Every structure is written in structure tokens, then in C-alpha cells.
Amino acid sequence: MLAPASASDRILRRAVAESSIAEYLAFRLSGETYALPLSDIREILTQHVLTPVPRAPKEILGIVSVRGQLVTVLDPRVRLRLKPQPQTKRSRILAVLAPSGETMGLFVDEVLQVYRLAPNEIEHTSQALGGNAVEHVVGIGRRDGVLLFLLSLPPLVAMG
Amino acid sequence: MADDRAREDFFSEAQELIEGFARDLLLLEEGEQRGEPDPDVVNEVFRAVHTLKGLAGLFGAPRMGTLAHNLEEILDEIRLGKRRLERNLLDQLFRAVDVLGAMLLAERQNDRSPMPEADAFIDELAHSRKGRASEPVQSRTEYIIDPELLAVLTEYEEHRLQTNVMNGFALYRIRAQFNLLSLDEELDQLKATVKPLGEIITFLPSGDGGDHESIRLEILMASKAQSTTLTATLSSSNIQIEEVAKRTREIEPRYEASLTPVPASTSSINAAVERPPAAPRSSDISELRPQKQPEPVQGMSLRSVSQTVRVDIQKLDRLMNVVGELALVKSSMARITDRVRAMAGLRELASEMHRVQRTFERHLSAMQDGILEVRMVPLGQIFDKLGRVVRQASREVGKQVNLVITGAETEVDKLIVEELSDPLVHMIRNAIDHGIEGAQDRIAVGKPETGTVAINAFQKGSHVVIEIEDDGRGIDEERIREVAVRRGFITEQEAKELGRRESLNLIFVPGFSTKNAADMLAGRGVGMDIVKTNINRLGGFVDIQSEKGIGTKMTVTLPITLAILSSLVIGVGAQTFALPLSSVQEALAFEEGAIRSVEGRDFMSLRGTTLPIARLSRLFNIADSTSARGGRGFVVVISAGARRLGLVVDHLEGQQDIVIKPLGASLRQVVRGFAGATELGDQRVGLVLDTPSLVDEVLSTNSEFSGKNTFEPRSEPRGLGPS
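Which chain is which? The protein sequence lines are A and B, in order. Take 13 as the starting number for the first sequence in my numbering and just add one per residue. Take -2 as the starting number for the second sequence in my numbering and just add one per residue.
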């Protein structure tokens, strides 16, 4: 029987992975550096035309078509209470898979790079951050003097 | 890859089914020792085996399919009481679990070697079934049960009824009111409540007491409990319990005779009907019920499975999306060709590109047609069901009705056919209930005694038209206007201005019904407003014509497919929207001076009638609109039933066939007024307006319909005007 062997193998591998390096995609929002687990990101959309949706709440920037599928694009800055920024050439949309199974877009000012962070580089305290940020920021990563605000995807894309 | 995953799913689902089967067998064994196995568990096992058979067929596991088939037949006999669940039969069923497990393992390892033991077991099962005659069960007591109820019992329900009667259980008739929206949950809850006391044998929508939000069900239940206990358990204001009276005379053993319908004194069967014909084949009627028994076994041979492919319609949607993408590629190619043509010395290359592009276009449209064709099914699929509805409904109201069907071969998108069934059933019932007169009345006005309901379907361009016509008494237009005024749907002034067609269309307004006394069919299912909403949702439109004393004709116009929608593309400010062409009546030049404002609402006259006006720029809060700033624009007249609305837009881009796509679930939760969106080329996305909901919204808002955000869905009933 093949199945049990491969299953245990998978569990073993996951356990090893969890105990060590985690990958984060860093991006810029209103001048600050934020990051999401790389595994949450399905795609980075560069060329896109955002179609605004009348009557939508302001955290919804609009919709884009990604290979025939309509994706709702959110503005994380509204959720994080950050200052709005104009769209520039560097703006990107991160296609993410929401817990509901829906693919959603997150509008960011600029995509920076992927960071591989060891556990000792992540500070799991968000006590220092007040206000609304606590709900979204699950940790702070430090690397070469750069401060990364690590976000958690589910509350960021939750609606209603 | 995809195949591997599907196979993997098959293994896991089959494994689950077999495990569930084994668990349920244990329960059955327990039940058998106590005397009678729980019928719900028998059903559960039957369903599991039936599903397993389907799976095996789908994944080319013929041996497993054959075994499942044999098991299914045996279990069906047990369900129907034709065979007792005995010790040695249980042993066989338990062995089947092991054999199925071994077969699944062999499939998984792609082991095609013979399995003599399994084959022998299948033979054994098949033999044990042969030569068994069904054992008719005799009932000793006769109950006076409504003939309508008896006529629609399935074979299984008949069996349960008899078993319970034989066990000396009393029968109860329960009438309960259910909310249409939560019908399933409420029913499940009721079933769970009565389970310790007895068994619900069947339930049917009852004729009276329902309205457009609720339905009254008549439930036939067998219970060992006293009626007082039952009443205490089910104490609720909207449940009535009544014990079914027994009859004492000896009866013949044959079932048909024992349950010969006895018209109760309260029976509303018309004198024109002596008695319902002998119980019709129950399976014919079963679809009328809110809840179905598991589908009867189809005579599906493994051979036919290998030649046809069952395809999830969503996969076809995905293919259609790819076609949509290719169409966008095509228009990009056309633009590049134009640029090349403009370059010096490249004319020849340009015309070659143009030729290639034309070929591409041709193949692409062939591909699109091919995909659409696969989605098509003949309307006959639902017309067959309508025949049964007519038989049933006419019997209930004691009218003689003949159904004439033409155009059953007309094909329409599978998704549309599925959604169309309920509205059609409702319209047919309305025709029989309200349209066709009783035999006496018909003879009195010189019409043939038997009424006729005609269904005619045909294709008209990219639409399918279905007409439902009856030769009944017609709709009294005057009376409709009267009622509409009385209920505050329209003012007397408006009533005077309404045209004939618009008056008739008032019956689609929510909460409208001209029948005061609820008769047998009223309250069954949904009202005409729901019919209209359902058809609108399919991008279709329903219209009504009626001649007093001569008859009524409902015309349903539907797009042939949901995959492609004819639309009018319009612009407001920098934004582009699409309107389903089926709801657009006309477009005219807009002139600010033509607008009259009354109590904050805008109107204009259109050929002698008053047309309410809404500016899309204001509805949607779009700032940079030229028409809103006094510039030129257009009025697009859209309609939803009898109600019309002029939408002011900046410009018309023209007509375009579009592939409509749903908005993301999270967006749909918070925004109303859009049916979806579509790609318009150049990466542009255009939102498709949900015209019925916009018309409702504008006409139901009392005074202002500015572009404020309205996130909560409104729940108050919407009429034509302030009520």
C-alpha cells in the first residue's frame, strides 16, 4: 500500500518546514513595508484595468478580469487605516485565495521582495501596535534593519 | 493529472460509501433483532448502494457496478416490504462489504486479474433474487383517507402506510403552516420531533391557507401515540392534528381495493368527477412533491456509459470563458493588423494576417457554437412533467382539461430548463385553476366541455418563446385595475392611464391576487410575482395577453443560452455598463426640458403615457456625467413586467453579445443592482445592470432615489407606487 507511506512522509516534511524557515512576500503600503505569507499569494497582477463598482463600500476598489474570472479588488489601506495613495506604475494587485475559496485581489503600492524568515527573526507580538492594526498584524519581522509588518490574510479579506 | 485527481476522488468517495454501508448494516442488524429495522436506515443503505453503482459506472468499474446493482435490487425489495430482512440475508450483505472492499483495492492497484470469488458471490446474490414473487401484504383496517392523498402515494409510501396500519398504529392527519424560505429545515425539524412517536408517511401541499410567503402542508403520519400525546408534542399554534377515522367493514386483500378512495363529505371534488381513476402509477406523480424519493433505478447499461460523457456544466462554463478570452485575442489581432496595414510596404503582410485572422474567427465561432450545442437540451424534458401536472391539477379541481404540446423539440440551455420548470408549473396551474371554467359554465357559453391548455415553444432568433395558452374565461382587466387601486399599488389617475397590456401585467406585482376565497389550488407554491422574478433572472421576460371570455396567453421569452447575452452597451461618465437587451424597449434622445418633477420624482411623457425617469449618474453617484450637467444624453426605456423606467445615460455604444460572469461572492453580498459583469475587449470590464432590481428600487423609493449607498437588502414589499 502506497498511501500511508506517502501520507506520513508528507506530514514529516510539513513538520520540518513549519519548524524552520517561512517565506513572506513584502510589499509597500503608504510608505510602510508589509508582508503576507508567500503561500497565500497566487499571483501578482501587473497589467490590469480596475473597473470601479458603483455603490461598493470604499474598501472595494473595483473588479478586474483575470483570465475570464472576475476578481474583487480590496484596498488593504482602508482596512489598515492607512493614508490613500494614488495608483502608480508600480502598483500591483496580489491575487490571493480567501478562506471562503474566492480569489480576491489586494491592491498594493509596490511589490518588494520575498523574505525567508527564521523563527528568531519574527517577533510574535503585536502589543506595540495599537488600534485597528492589531487585528491584521500578527507579527513583526526584522531583517537588515528593515521592519516587516506581517499580516494575516483571513481578517484582511473578510467581508461584512 | 485531472484524471488522476478524479480517480482519487472516486476511491475516497467509494471508500466512504462502503464504510457507511457497513455501519448502517450494524444498525439494521440491531433493528432486526428488535423486530423491525428502522425504515430510515434501510433507505440510507439503499441510497448508498445506488450512489456506489453510479460511481462504479462512471469510473469504469463494471464488476463493482454489477454487485452494487444486485444489492440495490435486494434493498429495494426490503424497502418496499417485498422481502424480509432475515439473518442469512444480513450475512450476505455483510459479506458484500468485504467483497466491495476487495474490488475497490483491485481497482486502485489497477489489478485486472479475475476475481472468481467475487463473481461467485454476485451469482449467488442474483440467484437469491430469482423466483421470488412479491408478497402482497394485507391490511386489516381501512382508513378514510383523502383520495387526492392516496392517488399520489409512491409505492414505497404505500408500503409504509400498510406496514404501520398492520402494526396497529393510528393514522393522523396534520396540517401545518411552513415558511416557504425555510421549508426544508422546518420539515426536517418536524420529522425529528415526531420520530420517537411514529413515522411521517407523506406530505403534500394543501389547498388552503398558504400565501406567497408560506405554504400549508398536509402530512399523513402513523403513530402509536394517543392523539393527546401527539398534540402535546407538537404543540404549536400553526399545527392542527386530526385522527383519521377507521372503517370497520371487512375488506378484500388486494391493495387497490382496500384503499379505494372514499370521497369524504368534506371532499371538494367537483361533481363532474365521479372518482379519480385507479391510483395512477405513483412514480409519475412523485415529482410533484416537495421532496422526492430517491430516483428509481434507471435501466442504464454500462455500454451506454462508455459512449456518452457526463459533463459538469461548470466545465462547459470554463470552456466558454476560454472562448471569450480568444475573442478578445481576436480583436487585439485585428488592431495589430490595422497597424501593420498602415505601415509602408507591409500591405501584403497585412492582408495575409487578415486572412489568418478570418480563419481563426471562423474556427472560434464554430467552437463557440459547439460548446453551446452541448449545453442544449430539448424543452420536452420539462413538458413531460407538465403533462402530469395538468392531469393532477385538473383532477383536483374537477375540471376536464386537455393538454396540447407543440415544439417539444425546441432546444434551450440546460441551466435554463432547470430553472424554468417551477415557473411553468405555476403558470399551468394558474391556467387550470383560474382560467378554465367548470364544465357547466363552459357548456353555458357554448364552449366545448373539455378545456384546452396549449403549450407552444419555438425559436425566434437567439431567443426561445414558450406560450402557455388556455381557452378559459380570460382575465377581467377592469377588475385588476380596481384591485390594484384598492390595494394601493397604483392611484386612480394611474389606473386611468394604464394601457391594456400594462393592466394585465399588474398580476406580476408582488402581493397581487384577484381571488379572494382561497380555493384548492391557491396558495400552492409561489405567486405570479415569483414566476416573473425567476424568469427575469434567466434574462427572460414574461408577457400576458387575455381576452375576456376567450382565454389567456402567457408568453415567456428566454435567451437560448445563459452563456451569451444580447446587450445594449451604454456609458455614463467614464464608466461603461451593459443592459440585457431583453429588458430594453427603446432608446430616445434625452432633453432636460421634457422632464417634469412631481414630489421629487422625475417623469416625462412618452406617446401619451407617463414614464418615470432615473438618472444613472445619480443612482450610481458618477460625477463626471455629461447628461447630468445638462448636456445631451439618451433615455433608455427598460421594463420589468408592467413597469417601465427611463434610464438617463450619456451615450450608447451599441449592441453587443456578451458572456456574462458572476461577480465575486463577497461583492455580491454588499452591492445590489448588478447581474454580473462582462469583458468588453481592451481589458475593459463592464458591469451588467440587473434591470428588474433597478426598476424595483427606483419605483419603490418614495421620493428620492439619489445615489446613496444601499447595502442592506430591502425587505418591504414593493409595489408600483407609495402604498
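Don't be surprised by glycine CBs; every beta carbon is placed ideally from N, CA and C. All values reported here derive from a predicted model rather than from experimental measurement.
DSSP three-state label for residue i, please.
i                      : result
residue 688 of chain B : helix
residue 557 of chain B : coil
residue 189 of chain B : helix
residue 148 of chain A : helix
residue 312 of chain B : helix
residue 218 of chain B : strand
residue 53 of chain B  : helix
residue 154 of chain A : strand
residue 531 of chain B : helix
residue 16 of chain B  : helix
residue 230 of chain B : helix
residue 22 of chain B  : helix
residue 210 of chain B : coil
residue 223 of chain B : coil
residue 575 of chain B : strand
residue 43 of chain B  : helix
residue 494 of chain B : helix
residue 479 of chain B : helix
Since residue i and residue j are thought to touch, with beta carbons under 8 angstroms apart, how far apart are those beta carbons, to the nearest angstrom?
i                      : j                      : result
residue 635 of chain B : residue 581 of chain B : 6 angstroms
residue 528 of chain B : residue 420 of chain B : 4 angstroms
residue 649 of chain B : residue 631 of chain B : 6 angstroms
residue 400 of chain B : residue 461 of chain B : Residue 400 of chain B to residue 461 of chain B, Cβ: 19 angstroms. No contact.
residue 478 of chain B : residue 495 of chain B : 7 angstroms
residue 386 of chain B : residue 425 of chain B : 5 angstroms
residue 347 of chain B : residue 338 of chain B : 4 angstroms
residue 118 of chain A : residue 47 of chain A  : Wrong, their Cβ atoms sit about 12 angstroms apart, outside the cutoff.
residue 367 of chain B : residue 656 of chain B : In fact, because the Cβ distance is near 15 angstroms, the residues do not count as touching under 8 angstroms.
residue 78 of chain A  : residue 85 of chain A  : Going by Cβ atoms, the distance from residue 78 of chain A to residue 85 of chain A rounds to 10 angstroms, so no, they are not a contact pair.
residue 41 of chain A  : residue 124 of chain A : Going by Cβ atoms, the distance from residue 41 of chain A to residue 124 of chain A rounds to 11 angstroms, so no, they are not a contact pair.
residue 42 of chain B  : residue 72 of chain B  : 6 angstroms
Near residue i, what residues of its chain come up, given a Cβ to Cβ distance below 7 angstroms and the 5 sequence neighbours on each side ignored?
i                      : result
residue 34 of chain A  : 49 and 129
residue 224 of chain B : 169, 238 and 240
residue 416 of chain B : 531 and 535
residue 192 of chain B : none
residue 48 of chain B  : 14
residue 7 of chain B   : 52 and 56
residue 90 of chain A  : 70 and 71
Once you ignore the five residues that flank residue i on each side, which residues in its own chain have a CB closer than 6 angstroms to its CB?
i                      : result
residue 687 of chain B : 670, 671 and 672
residue 154 of chain B : 198 and 199
residue 522 of chain B : For residue 522 of chain B, the predicted model reports a pLDDT of 33, less than 50, meaning its position is unreliable; a value from the coordinates is still stated below. Correct list, in chain order: 423.
residue 80 of chain B  : 74
residue 55 of chain A  : 107
By Cβ distance below 8 angstroms, which residues in the same chain neighbour residue i in space, the five residues on each side in sequence not counted?
i                      : result
residue 397 of chain B : 269, 391, 436, 446, 447 and 448
residue 327 of chain B : 354, 357, 358 and 361
residue 652 of chain B : 563, 564, 565, 566 and 578
residue 35 of chain B  : 24, 25 and 28
Please list, in chain order, the residues of the stretch 59 to 87 of chain A that have any C-beta partner in chain B closer than 8 angstroms.
When C-beta distances to chain B are compared with 8 angstroms, the residues of the stretch 59 to 87 of chain A below that value are 59, 60, 61, 63, 64, 65, 66, 67, 68, 69, 72, 75, 76, 77, 79, 80, 81, 82, 83 and 84, in chain order.
Under 7 angstroms (Cβ pairs) to chain A, residues found in the stretch 44 to 75 of chain B
none
Could you give the uninterrupted runs of the alpha helix (DSSP H) lying entirely in the stretch 629 to 677 of chain B, keeping only those of 4 residues or more?
662 to 667
What residues in the stretch 637 to 664 of chain B bring their beta carbon closer than 9 angstroms to a beta carbon of chain A?
656, 658, 659, 660, 661, 662, 663 and 664
Let me know the alpha helix (DSSP H) ranges lying completely inside the stretch 403 to 459 of chain B, each 4 residues or longer, listed in chain order.
411 to 427 and 436 to 441
Pick out the complete alpha helix (DSSP H) segments inside the stretch 23 to 104 of chain A, 4 residues or longer, and give them in chain order.
88 to 91
Members of the stretch 86 to 112 of chain A that neighbour chain B once the beta carbon cut-off is set at 9 angstroms
86, 110 and 112
In chain order, which beta strand (DSSP E) runs of at least 3 residues are fully inside the stretch 584 to 617 of chain B?
Counting whole runs of 3 or more residues, the stretch 584 to 617 of chain B contains the beta strand (DSSP E) stretches 593 to 595, 598 to 603 and 606 to 612.
Give, in chain order, every unbroken run of the alpha helix (DSSP H) that is at least 4 residues long and sits entirely within the stretch 145 to 185 of chain B.
152 to 163
At which residue ranges does the stretch 55 to 89 of chain B contain complete alpha helix (DSSP H) runs of 4 or more residues, listed in the order of the chain?
59 to 76
Residues from the stretch 35 to 59 of chain A in contact with chain B, defined by Cβ distance under 8 angstroms
59
Residues from the stretch 618 to 635 of chain B in contact with chain A, defined by Cβ distance under 9 angstroms:
618 and 619
Please list, in chain order, the residues of the stretch 673 to 685 of chain B that have any C-beta partner in chain A closer than 7 angstroms.
674, 676, 680, 681, 682 and 684
Can you pull out the residues from the stretch 321 to 345 of chain B whose beta carbon lies closer than 7 angstroms to at least one beta carbon of chain A?
321 and 322
Between the stretch 84 to 98 of chain B and chain A, which residues of the former have a C-beta closer than 7 angstroms to a C-beta of the latter?
none
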